[in-house]
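J.: Just passing along the structure, written as structure tokens.
Number of protein chains: 2
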Amino acid sequence: MPDGGPPTIVSIAERAGVSIASVSRVLNGVGARPETVRKVERAAAELGYVPNAVARSLKGGRTKQLTFAMQDIGNPVYVAMVREIQAVARAAGHRLLIHSTDADTEEELSVVRSLGDRRSDGLILCPIRITPEHIEVLENAAGPVVVIGALPERVRVDAVQTDSVAGAQLAVRHLAETGRRRIAFVNGPLDTVPGHNRRQGYLKALADQGLAHDPALEHATDFGLAAGRAAAHRLLAADPPPDAFFCANDQLALGASQAVHERGLRIPQDIAVVGMDDSELARAGWPPLTSVGLGSEERGRTAARMLLERLGDAENPAPAAARRTTAQPRLVVRASTVAGHVPATDPAGTA
Amino acid sequence: MPDGGPPTIVSIAERAGVSIASVSRVLNGVGARPETVRKVERAAAELGYVPNAVARSLKGGRTKQLTFAMQDIGNPVYVAMVREIQAVARAAGHRLLIHSTDADTEEELSVVRSLGDRRSDGLILCPIRITPEHIEVLENAAGPVVVIGALPERVRVDAVQTDSVAGAQLAVRHLAETGRRRIAFVNGPLDTVPGHNRRQGYLKALADQGLAHDPALEHATDFGLAAGRAAAHRLLAADPPPDAFFCANDQLALGASQAVHERGLRIPQDIAVVGMDDSELARAGWPPLTSVGLGSEERGRTAARMLLERLGDAENPAPAAARRTTAQPRLVVRASTVAGHVPATDPAGTA
DNA sequence: TCACCATCTGTAAACGTTTTCAGCTGCTGT
DNA sequence: ACAGCAGCTGAAAACGTTTACAGATGGTGA
Numbered sequence: 000m001p002d003g004g005p006p007t008i009v010s011i012a013e014r015a016g017v018s019i020a021s022v023s024r025v026l027n028g029v030g031a032r033p034e035t036v037r038k039v040e041r042a043a044a045e046l047g048y049v050p051n052a053v054a055r056s057l058k059g060g061r062t063k064q065l066t067f068a069m070q071d072i073g074n075p076v077y078v079a080m081v082r083e084i085q086a087v088a089r090a091a092g093h094r095l096l097i098h099s100t101d102a103d104t105e106e107e108l109s110v111v112r113s114l115g116d117r118r119s120d121g122l123i124l125c126p127i128r129i130t131p132e133h134i135e136v137l138e139n140a141a142g143p144v145v146v147i148g149a150l151p152e153r154v155r156v157d158a159v160q161t162d163s164v165a166g167a168q169l170a171v172r173h174l175a176e177t178g179r180r181r182i183a184f185v186n187g188p189l190d191t192v193p194g195h196n197r198r199q200g201y202l203k204a205l206a207d208q209g210l211a212h213d214p215a216l217e218h219a220t221d222f223g224l225a226a227g228r229a230a231a232h233r234l235l236a237a238d239p240p241p242d243a244f245f246c247a248n249d250q251l252a253l254g255a256s257q258a259v260h261e262r263g264l265r266i267p268q269d270i271a272v273v274g275m276d277d278s279e280l281a282r283a284g285w286p287p288l289t290s291v292g293l294g295s296e297e298r299g300r301t302a303a304r305m306l307l308e309r310l311g312d313a314e315n316p317a318p319a320a321a322r323r324t325t326a327q328p329r330l331v332v333r334a335s336t337v338a339g340h341v342p343a344t345d346p347a348g349t350a
Numbered sequence: 000m001p002d003g004g005p006p007t008i009v010s011i012a013e014r015a016g017v018s019i020a021s022v023s024r025v026l027n028g029v030g031a032r033p034e035t036v037r038k039v040e041r042a043a044a045e046l047g048y049v050p051n052a053v054a055r056s057l058k059g060g061r062t063k064q065l066t067f068a069m070q071d072i073g074n075p076v077y078v079a080m081v082r083e084i085q086a087v088a089r090a091a092g093h094r095l096l097i098h099s100t101d102a103d104t105e106e107e108l109s110v111v112r113s114l115g116d117r118r119s120d121g122l123i124l125c126p127i128r129i130t131p132e133h134i135e136v137l138e139n140a141a142g143p144v145v146v147i148g149a150l151p152e153r154v155r156v157d158a159v160q161t162d163s164v165a166g167a168q169l170a171v172r173h174l175a176e177t178g179r180r181r182i183a184f185v186n187g188p189l190d191t192v193p194g195h196n197r198r199q200g201y202l203k204a205l206a207d208q209g210l211a212h213d214p215a216l217e218h219a220t221d222f223g224l225a226a227g228r229a230a231a232h233r234l235l236a237a238d239p240p241p242d243a244f245f246c247a248n249d250q251l252a253l254g255a256s257q258a259v260h261e262r263g264l265r266i267p268q269d270i271a272v273v274g275m276d277d278s279e280l281a282r283a284g285w286p287p288l289t290s291v292g293l294g295s296e297e298r299g300r301t302a303a304r305m306l307l308e309r310l311g312d313a314e315n316p317a318p319a320a321a322r323r324t325t326a327q328p329r330l331v332v333r334a335s336t337v338a339g340h341v342p343a344t345d346p347a348g349t350a
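Read top to bottom, the protein sequences are chains A and B.
Residue 54 in numbering that gives the first Met the number 0 sits at position 55 of the first sequence, with consecutive numbering throughout.
Residue 173 in numbering that gives the first Met the number 0 sits at position 174 of the second sequence, with consecutive numbering throughout.
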């Protein structure tokens, strides 16, 4: 069998003694005479034929690929989203391209623009900053986009949001209600959407609870573990010291916990720690972290579904207007704020 | 501007008053008269033209996409690999498709077979089991494949391995040398390659250290956090109880640590815990985990580079024979085995 | 002035599919 | 016996590129 590259529909046609049109029809299950079906299937099997997805995409205008772009695949929140998105995508016969942008705004924009190259049918984007340029680019994207995160109301783009201001309030209120008075805040960069919103929630909740806002109890750096540890060490030096850490995500919270342990203090007896995102990290450490879930799994799933709907198909046309859904934050209490707590609804470490 | 779909090379040609060949040449930087270049670039910019990657792939036979398939994107080891692979891929102008197989063997095989659809130029596969069928399929893959993991010597496929038997020995020896005598082993499924090899290392090291093998100190289930916790609880009930846990990965180790804490025991005073993979999880908890690094980052990077080399290009032809590289395991001692230990080389939580 | 060459340009084929259209076959009903 | 029809089939066009080839243009040297 002289091998002129991988088998194509043409090789099958020759071998089966039919036209390429018949081959295509048989392979796609469109009507054909039993005899023809037999010949074609036999030839295809013998040649080990696999349809060329690229050619198919060119003809059909659909690649059956979706793209998910986020800041950093190292963050467990995004991992959770990837998992959900991929499940939904796969069920619909789509593959998933991922793109970690390293929080580079330029890169983020270029991902949206690259929708024009038709490599994927749609994009799920988790932007960390929203500039006017983002909005401009998003509204003129060459294909459907679903944004996971806050987006101004007027922007005509599907978005799956969460109320992280309310989430932060939930956390602070819980701390206040369990008797904490000097609640420190370990935040990520203030010029990011989550960084900004979570701080708003923190300030609002302090006011609601009648607690003073002490700037010495606030520290903003980065969203990583090391940053959390360093920030906590600095905050612990305040006078008087904090009796609780509210951290803008679970990575920061785990870093902060390390600092607390390094100082020989006990969680939660000496100091309480609350994280945000309720990622698997919250369940991984000791003590398990009280954390405010922002529905990452749900948001991933919803975003994927919305994207698929926007892609539309024969029977279901794409919705006309941009849609918004909001996932509600949920406080999950664990032992990092309440000694010995075993949450009733916690799926016991289904990490 | 009547919109007949997205702009193509044809629309540009019309608008610029040249042929599509000229457009293509200008866009690809092949010689053209300055006047022509100007006209084409102007038209392209005005139309907001983005080349159709699918058409380009069909013509060129290259998609500039790579696929990475692994068991579960939730495992931090794979996240580390994804990150490295994507960095290398991006630098070479490739995108990354990811595919989590849920440890389904059939799915794994289908990923390899789907290389035939030409959707991606090559595959990096992290199989968890190796059956004769795997070997058969791998050797006859329709495109280049690099395997991350053990592969029999004779198999003509590139592989990036690690010596996890030696890695397990490193861990057990460290425990023995720090005075532990009843070293329990928390393992994943025995019918997986890592599960099998890590157990071999465990047994070998016990023998080397002159320690008896007590079957009551061994437990194999699953590779997750919850499994580690459950296994540890069971093992702690042994009589006499273990004074150390060697865990087949960091997730198991964190789960085991939770169990230890839940029993009110101290790490490392009462019981030492060692993990494997040296993933970011090892640095995330408290106390930080002593863990045996198996070079996930390095393996990811190397695999990506090998794959790109095998793809070859104009000046560098692809290597002829299958290649093997092996990453050396490395013990990273932290406070979960040696009280108060601060590792000299630990990049202090560069999570 | 003319032959020659270098440079640029356009036509057309190719990549591997899907799909439209028209033609062919063999059957049914009268 | 023949019109009509249903069911299959094949030729050809199309998707948007790249590229081989040949044709056109202009400039140079004798």
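We treat Cβ as the ideally placed atom computed from N, Cα and C, and that holds for glycine.
What are the residues in the segment 236-264 of chain B lying within 8 Å of chain A by C-beta distance?
T.: Q250, L253, G254, S256, Q257 and H260
J.: For the segment 202-232 of chain B, which residues have a beta carbon sitting closer than 8 Å to at least one beta carbon of chain A?
T.: Correct list: G223, L224, A225 and R228.
J.: CB B:L122 to CB B:V136, shorter than 8 Å?
T.: no
J.: Considering Cα atoms alone, identify which of A:R24, A:M305, A:S278 and A:D276 is closest to A:A319.
T.: A:M305
J.: Are the segment 178-185 of chain B and the segment 233-246 of chain B touching, with three or more C-beta to C-beta distances below 8 Å?
T.: Between the segment 178-185 of chain B and the segment 233-246 of chain B, the count of Cβ pairs shorter than 8 Å is three or higher; the stretches touch.
J.: Should A:T130 go down as buried or exposed, given a rule of 16 or more other Cβ atoms within 10 Å for buried?
T.: With fewer than 16 other Cβ atoms within 10 Å, it is exposed.
J.: Give the straight-line distance between the Cα atoms of B:H212 and B:R262, rounded to the nearest whole angstrom.
T.: 25 Å
J.: Who are the near neighbours of A:R300 in its chain, counting only those whose CB is closer than 8 Å to its CB and skipping five residues on each side?
T.: E83, I84, A86 and V87
J.: Can you grab the Cα-Cα spacing for the pair A:A230 / A:S290, in whole Å?
T.: A:A230 and A:S290 have their C-alpha atoms some 18 Å from each other.
J.: If contact means a Cβ-Cβ distance below 7 Å, which residues of the segment 45-66 of chain B contact chain A?
T.: V49, P50, N51, A52, V53, A54, S56, L57 and T62
J.: Assuming B:Q160 is part of the beta strand (DSSP E), what are its boundary residues?
T.: D157 to T161
J.: Would you check if there are 3 or more beta carbon pairs closer than 8 Å linking the segment 322-333 of chain B to the segment 109-121 of chain B?
T.: Fewer than three beta-carbon pairs drawn from the segment 322-333 of chain B and the segment 109-121 of chain B are found closer than 8 Å, and the two stretches are therefore not classed as touching.
J.: Can you have a look at A:V159 and say buried or exposed, based on whether 16 or more other CB atoms are within 10 angstroms of its CB?
T.: A:V159 comes out buried.
J.: For B:R94, report the span of its beta strand (DSSP E) as first-last.
T.: Residues R94 to S99.
J.: Taking only three categories from DSSP, how would you classify A:A236?
T.: coil
J.: Would you say B:L57 and A:V53 are within 8 Å of each other, going by their C-beta atoms?
T.: Yes; because the gap between Cβ atoms is below 8 Å, this pair is in contact.
J.: Identify every residue that forms a DSSP beta bridge with B:I123.
T.: B:F67 and B:V145
J.: Residues in the segment 293-319 of chain A with C-beta within 9 Å of chain B's C-beta atoms, listed in sequence order?
T.: Answer set for the segment 293-319 of chain A: empty.
J.: Determine the closest residue to B:A206 out of B:H98, B:D221 and B:A167, with distance taken between C-alpha atoms.
T.: B:A167
J.: Name, going along the chain, the residues of the segment 4-16 of chain A whose beta-carbon falls closer than 7 Å to a beta-carbon of chain B.
T.: P5
J.: Can you check whether the C-beta of B:S23 is within less than 8 Å of a C-beta belonging to chain A?
T.: no
J.: Answer yes or no: does any C-beta atom of chain B fall closer than 8 Å to that of A:E138?
T.: By the rule that beta-carbons nearer than 8 Å mark a contact, A:E138 does not touch chain B.
J.: Pick helix, strand or coil for B:A347, following the three-state DSSP scheme.
T.: With a pLDDT of 43 at B:A347, under the threshold of 50, the modelled position of this residue cannot be trusted; read the value that follows with caution. B:A347 falls in the coil class under three-state DSSP.
J.: What number of angstroms, rounded off, separates the C-alpha of B:P346 from the C-alpha of B:R37?
T.: With a pLDDT of only 44 at B:P346, under 50, the local geometry of the prediction cannot be trusted, and the value read off the model is given with reservation. Their Cα atoms are separated by approximately 52 Å.
J.: Let me make sure I understand the geometry here. Which of B:A303, B:I266 and B:N248 has the alpha-carbon closest to that of B:H195?
T.: The residue among B:A303, B:I266 and B:N248 with its C-alpha nearest the C-alpha of B:H195 is B:N248.
J.: For a contact meaning CB atoms closer than 7 Å, what does A:I127 contact in chain B?
T.: Residues of chain B passing the Cβ test: none, with the nearest at roughly 17 Å.
J.: Quick one: list the residues of chain B neighbouring A:A141, beta-carbon separation under 7 Å, in chain order.
T.: P5 and V49
J.: So B:I266 packs on B:P286, CB below 8 Å; how close in whole Å?
T.: About 6 Å separates the two Cβ atoms, so the contact holds.
J.: When you compare each of B:R309, B:Q327 and B:A303 to B:R89 by their alpha carbons, which one comes out closest?
T.: The option with the nearest alpha carbon to B:R89 is B:A303.
J.: Once DSSP output is grouped into helix, strand and coil, what is the label at A:T220?
T.: coil
J.: I'd like the list of long-range same chain contacts for B:T7, defined as Cβ closer than 6 Å, with 5 residues on each side in sequence excluded.
T.: none
J.: Step through the CB atoms of chain B and report whether any lies within less than 8 Å of the CB of A:A43.
T.: It does not; no Cβ of chain B falls within 8 Å.
J.: Please state whether DSSP places A:R323 in a helix, a strand or coil.
T.: It is a strand residue.
J.: Hey, does B:A283 have any beta-carbon neighbour from chain A nearer than 8 Å?
T.: Yes, B:A283 lies at the interface with chain A (some Cβ there is under 8 Å from its Cβ).
J.: Chain B beta carbons: is any one of them nearer than 8 Å to that of A:L108?
T.: no
J.: Any contact between the segment 10-17 of chain B and the segment 25-45 of chain B? By contact I mean 3 or more CB pairs, one from each, below 8 Å.
T.: yes
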